[in-house]
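Report on the structure given below.
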Amino acid sequence: MITKVFKKKSLLLSLASLVVIGQVGLFGVFKPEKALAVGSVSKKGVASNYYCNNNLTKLSDLNVGWFYNWSTNYSATTSTNMEYVPMVWGRDYVTSSNITALTQGKASGKFKNLLAFNEPDLAGQAAMSVDEAIGYWPQLMSTGLRLGTPAPTTPDNGWLDNFMTQANNKGYKVDFIALHFYPDFTNPNSINDIKTKITNVYNKYKKPIWITELGTVDINAWGIPTSVPVSQQAADSYMQSVVAMLESLPFVERYAWFMDKCPTDPVTKYSSLYDSSDNLTSMGKIYQTVTVNNAIFYQDANYGGTSIALPKGNYTMTQLNAAGIPNDWISSLKVPSGWTVELYQNDNFTGTKWTFTSNSSYVGSAVNDQTTSIKIY
1 MITKVFKKKS
11 LLLSLASLVV
21 IGQVGLFGVF
31 KPEKALAVGS
41 VSKKGVASNY
51 YCNNNLTKLS
61 DLNVGWFYNW
71 STNYSATTST
81 NMEYVPMVWG
91 RDYVTSSNIT
101 ALTQGKASGK
111 FKNLLAFNEP
121 DLAGQAAMSV
131 DEAIGYWPQL
141 MSTGLRLGTP
151 APTTPDNGWL
161 DNFMTQANNK
171 GYKVDFIALH
181 FYPDFTNPNS
191 INDIKTKITN
201 VYNKYKKPIW
211 ITELGTVDIN
221 AWGIPTSVPV
231 SQQAADSYMQ
241 SVVAMLESLP
251 FVERYAWFMD
261 KCPTDPVTKY
271 SSLYDSSDNL
281 TSMGKIYQTV
291 TVNNAIFYQD
301 ANYGGTSIAL
311 PKGNYTMTQL
321 NAAGIPNDWI
331 SSLKVPSGWT
341 VELYQNDNFT
351 GTKWTFTSNS
361 SYVGSAVNDQ
371 TTSIKIY
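Counting along the sequence shown from 1, when you hit position 258 you're at 258 in my numbering, and nothing is skipped either side.
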């Protein structure tokens with residue numbers, strides 16, 4: 001899979017048609033009008049085949065909430081503090097055994113989300129027409145998992161729009177939209193360009209967004225000149241800025257940094273989180289410690305049970321339900337320093353209000369039994 005991924009990168013980046021407004025857009029995914037929550041894990045994740053099959057500790061050490069490896073399973077020791085998200089990479093992955101395993105994984109609680117068809121618009125990757133992808137879709141829906149769109153090389157070439165139109169016409173389930181971005185990270189406009197593209201996709205489809213591949217590749221290796229010479233310092237600075245931007249968008253549900261055993265690869269070396277000796281790179285240290293600010297709500301007292309993380313914003317009962325917080329559910333919560341959380345007795349921020357400016361191991365029986373809407377600021 002890693003070899004396949006690297007071949008894809010070198011091929012993709014040789015295609016000037018993928019460069020859009022100073023960036024190379026490679027992937028895309030998000031979810032519906034309920035796209036307000038981070039879910040029960042943090043947004044921050046990683047895409048890695050090597051470490052999924054060799055050393056999951058290297059992934060959990062990055063303090064991420066989830067990971068995937070372009071496959072439906074992995075062979076490294078199971079980790080309990082990260083969610084594994086399987087992917088049906090292409091047509092050959094739509095088998096009865098895979099569908100059965102995914103369905104059973106949903107029933108057992110092992111799997112919650114499912115990624116689909118990696119770069120179907122690209123030869124050498126999934127290479128599927130929209131009609132073919134739509135033809136397989138009922139089998140993916142049958143798993144019962146939350147289901148993300150296929151991730152084309154760019155949200156701008158019509159593939160995603162065509163897919164969403166056909167899925168909507170057939171009444172097919174699509175829970176979130178998956179996107180990929182590999183910009184010219186030396187371009188000072190790249191962050192805003194990505195933000196604009198993500199926002200446009202969300203505004204069009206009103207579904208949560210997953211950035212399933214994001215990284216700092218040297219597009220010079222693809223024959224596409226960067227704005228200025230590339231450097232690790234520029235890549236590190238870009239990572240800090242793009243992560244802050246993604247964390248600030250409430251409709252971005254998750255993002256995954258493309259990282260693997262690629263520190264010497266001419267295209268991906270600036271994106272590597274570990275060096276050849278499996279030590280953290282400067283970028284890896286940044287990703288490990290990057291601040292991810294969200295208020296966290298727990299089903300049980302003393303920060304136990306299921307947890308849901310939410311960024312700043314106002315959440316009605318409908319929005320909280322979409323985020324995974326049913327009515328009268330919260331028993332404890334954690335509040336970032338300097339933040340305020342207001343819990344309201346009734347929907348639409350009415351009725352009795354309870355205000356929290358620090359962590360609370362138990363919000364109290366009255367609050368637990370009545371919270372229906374929330375403001376976080």
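The C-beta atom is built at its ideal place from N, Cα and C for all residues, glycine as well.
Small disclaimer: the values here were computed from a predicted structure and weren't measured.
Proximity test, residue i beta-carbon vs the ligand COA heavy atom, cut-off 6 Å
{"i": "Tyr-315", "result": "This structure lacks the ligand COA; in fact it carries no ligand of any kind."}
Of the listed residues the options, nearest to residue i (C-alpha basis)
{"i": "Asn-49", "options": "Ile-325, Tyr-84, Met-141", "result": "Tyr-84"}
{"i": "Gln-166", "options": "Asn-157, Leu-246, Gly-135", "result": "Gly-135"}
{"i": "Asn-53", "options": "Gly-313, Ser-75, Ser-142", "result": "Ser-75"}
{"i": "Gly-65", "options": "Ala-301, Thr-77, Ala-47, Thr-72", "result": "Ala-47"}
{"i": "Asn-113", "options": "Glu-119, Pro-120, Gln-104", "result": "Gln-104"}
{"i": "Ser-129", "options": "Val-363, Gly-324, Ala-107, Trp-159", "result": "Trp-159"}
{"i": "Asn-389", "options": "Lys-312, Leu-343, Ile-224", "result": "Residue 389 lies beyond the range of the chain shown here (1 to 377); nothing can be said about it."}
{"i": "Asn-133", "options": "Leu-102, Thr-77, Asp-92, Leu-56", "result": "According to the sequence provided, residue 133 is Ala. The question's Asn does not apply to it. Nearest of Leu-102, Thr-77, Asp-92, Leu-56 to Ala-133, Cα basis: Asp-92."}
{"i": "Thr-371", "options": "Tyr-377, Gly-338, Thr-318", "result": "Thr-318"}
{"i": "Asn-118", "options": "Ser-108, Lys-170, Ser-71, Thr-100", "result": "Ser-71"}
{"i": "Val-174", "options": "Gln-299, Phe-163, Thr-352", "result": "Phe-163"}
Residue i in three-state terms, based on DSSP
{"i": "Asn-54", "result": "helix"}
{"i": "Glu-247", "result": "helix"}
{"i": "Thr-355", "result": "strand"}
{"i": "Asn-63", "result": "coil"}
{"i": "Ile-325", "result": "coil"}
{"i": "Glu-132", "result": "helix"}
{"i": "Tyr-93", "result": "helix"}
{"i": "Ser-332", "result": "strand"}
{"i": "Thr-281", "result": "coil"}
{"i": "Asn-203", "result": "helix"}
{"i": "Ala-221", "result": "helix"}
{"i": "Phe-111", "result": "coil"}
{"i": "Trp-257", "result": "strand"}
{"i": "Tyr-344", "result": "strand"}
{"i": "Ala-126", "result": "coil"}
{"i": "Gly-105", "result": "helix"}
{"i": "Asn-118", "result": "strand"}
{"i": "Leu-214", "result": "strand"}
{"i": "Val-150", "result": "A small correction: the amino acid at residue 150 is Pro; Val does not occupy that position in the sequence shown. In the structure shown, Pro-150 sits in a strand (DSSP, three-state: E or B)."}
{"i": "Asn-81", "result": "coil"}
{"i": "Ser-360", "result": "strand"}
{"i": "Leu-378", "result": "For residue 378 there is no data in the structure shown, the boundaries of the chain being 1 and 377."}
Buried/exposed call for residue i, threshold 16 Cβ in 10 Å
{"i": "Val-228", "result": "exposed"}
{"i": "Pro-188", "result": "exposed"}
{"i": "Gln-125", "result": "buried"}
{"i": "Ala-366", "result": "exposed"}
{"i": "Pro-266", "result": "exposed"}
{"i": "Lys-43", "result": "buried"}
{"i": "Thr-154", "result": "buried"}
{"i": "Asn-302", "result": "exposed"}
{"i": "Asp-184", "result": "buried"}
{"i": "Gly-364", "result": "exposed"}
{"i": "Pro-86", "result": "buried"}
{"i": "Asp-398", "result": "In the structure as shown, the chain begins at 1 and stops at 377. Residue 398 is therefore absent and cannot be evaluated."}
Rounded distance between the beta-carbons of residue j and residue i, thought under 8 Å
{"i": "Tyr-270", "j": "Gly-284", "result": "In fact, because the Cβ distance is near 12 Å, the residues do not count as touching under 8 Å."}
{"i": "Ile-286", "j": "Gln-240", "result": "6 Å"}
{"i": "Pro-120", "j": "Ala-127", "result": "7 Å"}
{"i": "Gly-215", "j": "Thr-264", "result": "About 16 Å; that fails the 8 Å criterion."}
{"i": "Leu-249", "j": "Ile-177", "result": "About 13 Å separates the two Cβ atoms, so there is no contact after all."}
{"i": "Ala-323", "j": "Leu-310", "result": "6 Å"}
Item to check | Inter-stretch contact at 8 Å, needing at least 3 Cβ pairs: the region 201 to 216 / the region 147 to 163 | outcome: yes
Checklist entry - Is the region 359 to 370 touching the region 331 to 343, taking contact as three or more C-beta pairs under 8 Å? => result yes
Checklist entry - At a cut of 8 Å, does the region 230 to 241 reach the region 193 to 201 through at least three beta carbon pairs? => result With the cut-off at 8 Å, the region 230 to 241 and the region 193 to 201 do not touch.
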